[in-house]
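Shown next, in structure tokens, is the structure this report addresses.
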Amino acid sequence: MSKSNTPTSVVATPRTGTFNKNHARRVRKSGLIPAVVYGAGQPSVAVTVDPKIIVRILHSEAGHNSIFDLEIEGGESGKAMIVDWQNEPVKGTLLHIDLKRIALGAKMKVSVPVHLVGTSTGVKNQGGVLSQILHEVEIECLPTDIPSHIDVDITELEINGAIHISDLPHTDKYKFLTADENQLVAHVTAPKADAEADAAASSEPEVAKKGKKEEAK
């Protein structure tokens, strides 16, 4: 979804009464979903929001890391982001979300997707198999510096080649929070049949040597 189609604001209505399953069911029947707003040292507020707006935000380029204007009717307004959400397991419809107030001047921790860019030469020219082990990385940055994703070029990646967190683009705008920068992100391996053949071939000399030693006894 293009940025121009991504909602930049969400209007929330405060909820009142007893917050149980029946209450949540009534909210959803009205075409809204229950939500909670918290953070920034302020009290939590139970609200309702339009699920269509939230789904559009979650499906945008920045996804759940999108920062938008949140207006609570009759109350506060400010920046917020989606930090948790619950879907109905069968139909996949949105059931509930958590919204966090955002202070634009304070750094925060977020997880962002890692995108592999290009076609590995190990796959294209050598028949290897590409596997992405790590699909998201945790970073710390200002809310305005959150990248929608982190791209890494894999075109030169050959068979037995690997990409680690240390190989991802580093910048002053964000800091990787993973303790081990050698953590594997992606690698290219030989096809299974080739790997099994290589393993069998490498084991044959050992068997022969063992046999000779036994014969010498």
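Numbering that gives the first Met the number 0 puts the first residue of the sequence shown at 0, with every later residue one more than the last. The C-beta atom is built at its ideal place from N, Cα and C for all residues, glycine as well. Here the structure is a predicted model, which means the values were calculated and not measured.
Check, Outcome
"Limits of the beta strand (DSSP E) - the one that Pro50 falls within", "Pro50 -> not in any beta strand (DSSP E); alpha helix (DSSP H) instead, spanning 50-57."
"Ser110 vs Glu135 beta-carbon contact at 8 angstroms", "yes"
"Cut-off 7 angstroms between Cβ atoms - residues of its own chain near Ile66, not counting five sequence neighbours on either side", "Lys78, Met80, Ile101, Pro142"
"Simplified DSSP state of Ile164, which is helix, strand or coil", "helix"
"Beta-carbon spacing of Ile158, Glu180 below 8 angstroms", "no"
"Close Cβ partners of Thr118 (< 8 angstroms) along its chain, the five nearest in sequence each way excluded", "Ile153, Thr154"
"Candidates Ala45, Ser76, Asp97: closest to Gly16 by CA position", "Ala45"
"Closest by C-alpha distance to Lys123, when choosing among Thr177, Ala61, Trp84, Pro190", "Pro190"
"The segment 32-48 in contact with the segment 90-98 per 3-pair CB rule at 8 angstroms", "yes"
"Buried or exposed by the 16-neighbour rule on C-beta atoms within 10 Å, applied to Ser76", "exposed"
"C-beta atoms of Gly91 and Thr188 nearer than 8 angstroms", "no"
"Residue closest to Gly40, alpha-carbon to alpha-carbon, out of Phe175, Leu115, Ala105, Ile149", "Ala105"
"Ala23, DSSP secondary structure in three states", "helix"
"Test item: CB-CB of Ala217 and Gln125 under 8 angstroms", "In the structure displayed, the chain extends from 0 to 216; residue 217 sits before or after that span and is not available."
"Collapsed DSSP secondary structure at Gly62 in the structure displayed", "helix"
"3 or more residues per run - each beta strand (DSSP E) lying fully within the segment 59-124", "67-71, 76-86, 93-100, 107-116"
"For Pro33, the residue or residues it bridges with in DSSP", "Thr47"
"Between the CA atoms of Gln182 and Met0 - distance to the nearest angstrom", "Because Met0 sits at a pLDDT of 44, beneath the cut-off of 50, its placement in the model cannot be relied upon, and the following sentence gives the value as read from the coordinates. Roughly 31 angstroms separates the two Cα atoms."
"C-beta contact flag for Pro6 and Glu72 at 8 angstroms", "no"
"Check whether Glu70 and Ser8 have beta carbons under 8 angstroms apart", "yes"
"C-beta contact flag for Ile149 and Val113 at 8 angstroms", "yes"
"Neighbour-count burial assignment, Asn64, 16 or more Cβ in a 10 Å radius", "buried"
"First and last residue of the uninterrupted beta strand (DSSP E) at Phe18", "Where Phe18 is concerned, there is no enclosing beta strand (DSSP E), given that its DSSP letter is neither H nor E."
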